[in-house]
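Novice: Next up is a structure, given as C-alpha cells.
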Amino acid sequence: MYFLLQKVILPNIDLCTEEQLYFRTQGGKYNYTSRNLLVPRHKVAYFDTFFNAFSIKKWKKYTTLTSLFLRVNIIGRGTITVRHKENGVIRVLKQIDFNSSCNISDEIEIDISKINFGYIYVEWQSDEDSVLNGFEFLTKDHVSKSSMALVITTYNRKEAVTKTINRINKTLLTQSEFKDRFKLIVVNNGEAINHPSGNGIMVINNENLGGSGGFMRGLIEAGKINDIKHVIFMDDDGSCEIESICRTHAFLLMAKDKNIVVTGCMLFEDNPAIIHESGAIWHRDFLHYPDKHYLDAREIDSLDTFDNERKIGYGGWWFFAFNINAIEYYSFPFFVRGDDLLFGYMHKKHNIVTLNGVASWQMDFERKISVLNSYLNFRTVAVPALISKRKFAALLLSVFFVREVFLASFSCRYELARAMIMSYNDCLSGREFWEDNVDLLEIRKRINAITHNEKFNVESIDIVNGCVDYPCSGKEKAIYKFFRCITLNGHLIPAFFLIKKPIVVDYRHYHPTKFSFRRITIYHLNIENGKLLKLTHSKMEFFKVIINGLFTAVKNFYRFKSAKKEMKNSLPYLTSKLFWYKKFNKKSEDKY
Numbered sequence: 008m009y010f011l012l013q014k015v016i017l018p019n020i021d022l023c024t025e026e027q028l029y030f031r032t033q034g035g036k037y038n039y040t041s042r043n044l045l046v047p048r049h050k051v052a053y054f055d056t057f058f059n060a061f062s063i064k065k066w067k068k069y070t071t072l073t074s075l076f077l078r079v080n081i082i083g084r085g086t087i088t089v090r091h092k093e094n095g096v097i098r099v100l101k102q103i104d105f106n107s108s109c110n111i112s113d114e115i116e117i118d119i120s121k122i123n124f125g126y127i128y129v130e131w132q133s134d135e136d137s138v139l140n141g142f143e144f145l146t147k148d149h150v151s152k153s154s155m156a157l158v159i160t161t162y163n164r165k166e167a168v169t170k171t172i173n174r175i176n177k178t179l180l181t182q183s184e185f186k187d188r189f190k191l192i193v194v195n196n197g198e199a200i201n202h203p204s205g206n207g208i209m210v211i212n213n214e215n216l217g218g219s220g221g222f223m224r225g226l227i228e229a230g231k232i233n234d235i236k237h238v239i240f241m242d243d244d245g246s247c248e249i250e251s252i253c254r255t256h257a258f259l260l261m262a263k264d265k266n267i268v269v270t271g272c273m274l275f276e277d278n279p280a281i282i283h284e285s286g287a288i289w290h291r292d293f294l295h296y297p298d299k300h301y302l303d304a305r306e307i308d309s310l311d312t313f314d315n316e317r318k319i320g321y322g323g324w325w326f327f328a329f330n331i332n333a334i335e336y337y338s339f340p341f342f343v344r345g346d347d348l349l350f351g352y353m354h355k356k357h358n359i360v361t362l363n364g365v366a367s368w369q370m371d372f373e374r375k376i377s378v379l380n381s382y383l384n385f386r387t388v389a390v391p392a393l394i395s396k397r398k399f400a401a402l403l404l405s406v407f408f409v410r411e412v413f414l415a416s417f418s419c420r421y422e423l424a425r426a427m428i429m430s431y432n433d434c435l436s437g438r439e440f441w442e443d444n445v446d447l448l449e450i451r452k453r454i455n456a457i458t459h460n461e462k463f464n465v466e467s468i469d470i471v472n473g474c475v476d477y478p479c480s481g482k483e484k485a486i487y488k489f490f491r492c493i494t495l496n497g498h499l500i501p502a503f504f505l506i507k508k509p510i511v512v513d514y515r516h517y518h519p520t521k522f523s524f525r526r527i528t529i530y531h532l533n534i535e536n537g538k539l540l541k542l543t544h545s546k547m548e549f550f551k552v553i554i555n556g557l558f559t560a561v562k563n564f565y566r567f568k569s570a571k572k573e574m575k576n577s578l579p580y581l582t583s584k585l586f587w588y589k590k591f592n593k594k595s596e597d598k599y
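Start counting at 1 in the sequence shown, then tack on 7, and there's your number in the numbering used here.
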C-alpha cells in the first residue's frame with residue numbers, strides 16, 4: 008500500500024504561470040488548457056525546480072521516511088532519470104527506459120538509505136513526441152492517518168473567500184483520494200457569504216476580532232472535531248497551490264514529533280517568482296526580519312539556498328500548519344499584525360520548517376503603508392520587547408522608537424509618527440487596555456482623529472509641462488546625506504531655500520527621506536489606482552512631533568520595568584483559551 012508524499016505541480020493560468028518555478032525544458036510546450044507538458048522527440052524536461060524537487064534533506068531530517076517510490080503518468084516513449092543533487096554535485100539514482108504502452112502503472116523504487124542531504128528530481132528525455140501528465144513520489148512506510156482542518160479568516164471579502172471555498176471544495180474536499188482527510192473551517196468576521204454546502208465545510212459567523220480572534224475561533228472549533236490532528240491557518244484568497252496543502256499534511260503525518268511546524272514561504276503576487284519571506288528570523292530577541300528575502304526561486308541554484316536552514320522564529324499565517332496538540336498558548340489579542348509573530352515567539356519548542364513547493368502569493372507589505380498600519384506595526388516590536396529576557400530591552404526599544412519617529416518626520420509623515428507615539432504609550436498601558444481593545448474599534452477612532460492629510464484622497468494633479476519632479480535613481484553621496492541629517496532633513500533650513508515644485512514618489516517608499524529633502528510638497532502615488540497622498544513640509548508640525556516623541560521615549564524608558572512586570576503577569580491569561588472563550592461569549596463551564 009503506497010502513501011502519497013508529493014505530486015508534480017504544473018502551472019495554472021488562474022494562479023501562476025512562471026513556468027521555471029515548475030519545470031525547465033528544451034523545446035517543450037506547456038498546454039494551459041489540458042495542463043500537461045508536450046515534450047517533442049529528443050527533447051528534455053527537467054523538474055529540479057522550486058515546486059517539484061523533492062527535498063530529501065528535510066524529509067529525512069524531520070520525518071520517519073525510509074522508502075521512496077516514483078510513479079509517472081506519461082504518454083510516449085523515452086527515458087526517466089532520477090537524479091540527486093547535493094552541494095552542486097549531481098548523480099544518477101535510477102534510469103528507466105519507459106514506454107507508456109508497456110509499463111504505465113509501474114512504481115520505480117528509489118534507494119534513499121544512504122542519502123540524507125540535498126534533493127531528488129526527475130528528468131524526462133523523449134524518444135518520440137510525448138505528453139507528460141504528471142508524476143508523484145510515494146512511500147510504503149506505515150503512516151497513521153488523521154484529518155487536517157484548513158482554517159480561513161475573512162472580513163467582507165466575499166468574492167475572494169467564495170472563490171477560495173469553491174476551489175478547495177472542487178479540487179480537494181470532493182476528491183476520492185483525499186476522502187475525509189480535510190475539513191474547511193471559514194470564520195467570517197463580516198457580512199454573510201454564500202457558500203457551497205458539504206460535509207467538509209463549516210462557515211462560522213464571528214464578531215470582528217480581527218485575524219487573531221478569527222483564527223483562534225477556528226482553532227477552537229477544529230479542536231472539537233475528534234479526528235482532527237493538524238491545522239493550517241490560511242489567507243482568505245487561498246492563493247496557494249492545493250498540492251501545497253496535501254504535501255504539508257503528508258509531511259506532518261510522518262513528522263518525528265508533534266512540535267514540527269510547517270510554514271509556507273511568501274511570494275510576491277506582483278512578482279510571483281520572488282520570495283519575500285521563508286519564515287522570519289528573530290534579531291536581538293524582539294526585532295525580526297524575513298529569511299530568504301528577495302530570493303529568485305526560478306534560479307537553478309536557488310533550491311540549495313532555500314534548503315540552507317536557519318532558526319526560524321515564526322511563520323506568517325498566510326500558510327502555517329501545526330499539530331493541534333503542540334499548542335500551549337493562544338494568540339495575543341493584536342487584532343491583526345503581530346498575532347502570528349507572537350504566536351511563534353511564545354512557542355519556543357516549535358521546530359518551524361519551510362518546504363520548497365509550499366508557498367502562498369501575497370501582496371507586498373510595502374503596499375499596505377498607512378497611519379493605522381504604522382500604529383499596528385510598532386506593537387509587533389514593543390510587545391515582544393516587553394516579554395523578552397534580553398538585557399537593555401528598554402534602551403533598545405527606545406532607540407528603535409526614536410529612529411522610526413525621526414525617519415517618519417524627515418519624510419513629512421507627521422501623522423504616521425504620531426500614530427507610533429500613540430502605539431508606544433498604548434503598549435505599556437497594561438492588561439486592561441488589551442482586554443478592552445480586542446475589536447480595535449476605539450483605536451480606529453483615535454487614529455482617524457489624528458489622520459487628516461495622510462490619506463489617498465487626491466484624485467489627480469497636473470503632471471504635464473514639467474509641473475512636478477520625479478525621483479532620480481542612483482546612490483546618494485555621503486556628504487549629501489550628512490547635510491540632510493544635520494539640517495533635520497531640511498527642517499532647519501529657512502523656507503526661502505525650499506523647492507516649490509512638488510515631487511511624486513512611489514507610495515511603496517516607506518521612508519523616502521532623500522526625496523522629501525527641501526520639498527514643500529510631496530505626493531505619494533498609488534500605482535494601482537492612480538490616487539495620491541499629499542504631504543506638506545511643516546517646521547511647526549515637525550518639532551511638535553519630535554519633542555513629543557523624545558518625551559515619550561524618555562517617559563516610557565522609565566515606565567518599561569513596571570510595564571514588563573505587568574505584562575509577565577498578564578500574558579498567560581491574554582494568550583489563554585479562556586480569554587478567547589470569553590470573547591466569543593461562551594460560558595466557561597462549557598467543554599471548551
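In this text, a Cβ means the ideal position worked out from N, Cα and C, and glycines have one as well.
On a predicted model such as this, the values are computed, not experimentally measured, just so you know.
Does the separation of the CB atoms of Trp324 and Gly218 fall below 8 Å?
Specialist: The answer is yes: Cβ separation under 8 Å.
Novice: According to DSSP, Ala156 sits in a beta bridge with which residue or residues?
Specialist: BP columns for Ala156 point to Lys190 and Val238.
Novice: Can you tell me the Cβ-Cβ gap for Thr146 and Leu72, rounded? I've got them flagged as a contact below 8 Å.
Specialist: About 6 Å; that satisfies the 8 Å criterion.
Novice: Are three or more beta carbon pairs between the segment 379-390 and the segment 266-276 nearer than 8 Å?
Specialist: Not touching, per the Cβ criterion.
Novice: Using 10 angstroms around the beta-carbon of Met353, count the other beta-carbons present and answer buried if the total reaches 16, otherwise exposed.
Specialist: It is buried - the Cβ of Met353 has at least 16 other Cβ atoms within 10 Å.
Novice: Please state whether DSSP places His256 in a helix, a strand or coil.
Specialist: Three-state DSSP puts His256 in a helix.
Novice: Pairing CB atoms from the segment 421-441 with CB atoms from the segment 553-563, are three or more of them under 8 Å?
Specialist: Judged by Cβ distances under 8 Å, the segment 421-441 makes contact with the segment 553-563, as three or more pairs qualify.
Novice: Pairs of beta-carbons, one from the segment 484-503 and one from the segment 522-539, closer than 8 Å: are there three or more?
Specialist: Verdict: yes, contact present.
Novice: May I ask you to report which of helix, strand or coil DSSP gives Glu130?
Specialist: Three-state result, Glu130: strand.
Novice: Run through the DSSP bridge pairs and tell me what Pro297 is partnered with.
Specialist: DSSP, once it has assigned bridges, lists Ala287 as partnering Pro297.
Novice: Have a look at Ile127 and Asn195 and give me their C-alpha separation to the nearest angstrom.
Specialist: Roughly 41 Å between the two C-alpha positions.
Novice: Is DSSP giving Tyr517 helix, strand or coil here?
Specialist: Three-state DSSP puts Tyr517 in coil, outside helix and strand.
Novice: If I'm right that Gln369 touches Asp264 with Cβ under 8 Å, what's the distance once you round it to whole angstroms?
Specialist: Their Cβ separation, rounded to whole angstroms, is 29 Å, which puts Gln369 and Asp264 out of contact at 8 Å.
Novice: Please tell me whether Arg90 and Glu130 are closer than 8 Å, where the distance is taken between their beta carbons.
Specialist: Yes; because the gap between Cβ atoms is below 8 Å, this pair is in contact.
Novice: Could you give the uninterrupted runs of the beta strand (DSSP E) lying entirely in the segment 536-570, keeping only those of 3 residues or more?
Specialist: Within the segment 536-570, the complete beta strand (DSSP E) runs of at least 3 residues are 539-543.
Novice: Buried or exposed: which applies to Glu166, given that a residue is buried once 16 or more other Cβ atoms fall within 10 Å of its Cβ?
Specialist: Exposed, since its Cβ has fewer than 16 Cβ neighbours within 10 Å.
Novice: In its own chain, which residues sit with a C-beta less than 8 Å from the C-beta of Lys203, not counting the 5 before and 5 after it?
Specialist: Checking the sequence, you will find Pro at residue 203 rather than Lys. Within the same chain, Pro203 has close Cβ partners Ile172, Asn173 and Asn176.
Novice: Could you please give the first and the last residue of the uninterrupted alpha helix (DSSP H) stretch that includes Ile450?
Specialist: Start and end: Leu448 to Ile457.
Novice: Along the chain, where does the alpha helix (DSSP H) containing Met223 start, and where does it finish?
Specialist: Met223 -> alpha helix (DSSP H) spans Gly217 to Gly230.
Novice: Name the DSSP beta bridge partners of Met209, please?
Specialist: According to DSSP, Met209 bridges with Ile192.
Novice: Just grab the DSSP bridge partners of Glu6 for me.
Specialist: What the structure shows of the chain is the stretch from 8 to 599, and residue 6 is not part of that stretch, so it cannot be assessed.
Novice: If you follow the alpha helix (DSSP H) that Lys375 is part of, which residue opens it and which one closes it?
Specialist: Looking at the DSSP string, Lys375 is not in any alpha helix (DSSP H), and its letter there is neither H nor E.
Novice: Which same chain residues end up closer than 7 Å to Phe189 when comparing Cβ atoms and leaving out the 5 residues on each side of it in sequence?
Specialist: Once the five neighbours on either side are set aside, the close Cβ partners of Phe189 are Ser154, Met155, Leu157, Leu179, Leu180 and Gly207.
Novice: Nearest-angstrom Cα distance between Leu11 and Ser120?
Specialist: Near 19 Å, if we compare the C-alpha coordinates of Ser120 and Leu11.
Novice: Can you name the residues that DSSP bridges to Trp324?
Specialist: Note: Trp324 sits in no beta bridge, so no partner.
Novice: For Val423, which residues of its own chain have a beta-carbon under 7 Å away from its beta-carbon, when the five flanking residues on both sides are left out?
Specialist: The question names Val, but residue 423 is Leu in the sequence shown. These residues qualify, in order along the chain: Val378, Ser381, Ala415 and Glu461.
Novice: Within its chain, find whatever has a CB closer than 8 Å to the CB of His300; leave out the 5 residues flanking it on each side and keep chain order.
Specialist: Once the five neighbours on either side are set aside, the close Cβ partners of His300 are Ile282, His283 and Glu284.
Novice: In chain order, what residues of the same chain have a beta carbon less than 8 Å from the beta carbon of Ser545, not counting five sequence neighbours either side?
Specialist: Closer than 8 Å at the Cβ level, and outside the excluded window around Ser545, lie Cys419 and Tyr421.
Novice: Using the Cβ count rule (16 or more neighbours within 10 Å means buried), how would you classify Asp298?
Specialist: Burial call: buried.
Novice: Going by DSSP in three states, Ser246 sits in which element: helix, strand or coil?
Specialist: In this structure, Ser246 counts as coil in the three-state DSSP scheme.
Novice: Does DSSP put Leu302 in a helix, a strand or coil?
Specialist: Here Leu302 sits in strand by DSSP.
Novice: Assign Ser595 to one of two classes, buried (16 or more other C-beta atoms within 10 Å of its C-beta) or exposed (fewer than that).
Specialist: Because the pLDDT at Ser595 is just 37, under 50, the model does not fix this residue reliably, and the value given afterwards should be weighed accordingly. Answer is exposed; the Cβ neighbour count stays below 16.
Novice: Assign His49 to buried or exposed, taking buried as 16 or more other Cβ atoms, counted over all protein chains shown, within 10 Å of its Cβ.
Specialist: Classification of His49: exposed, given that the 10 Å Cβ count is below 16.
Novice: Check the C-beta distance from Asn140 over to Ile192 and give it rounded, since I have them as a contact under 8 Å.
Specialist: At roughly 33 Å, the Cβ-Cβ gap does not stay under 8 Å, so Asn140 and Ile192 are not in contact.
Novice: Exposed or buried, what is Cys253 when buried is set at 16 or more other beta-carbons lying within 10 Å of its beta-carbon?
Specialist: It is buried - the Cβ of Cys253 has at least 16 other Cβ atoms within 10 Å.
Novice: To the nearest angstrom, report how far apart Ser569 and Asp292 are at their CA atoms.
Specialist: Approximately 19 Å, taken between the alpha carbons.
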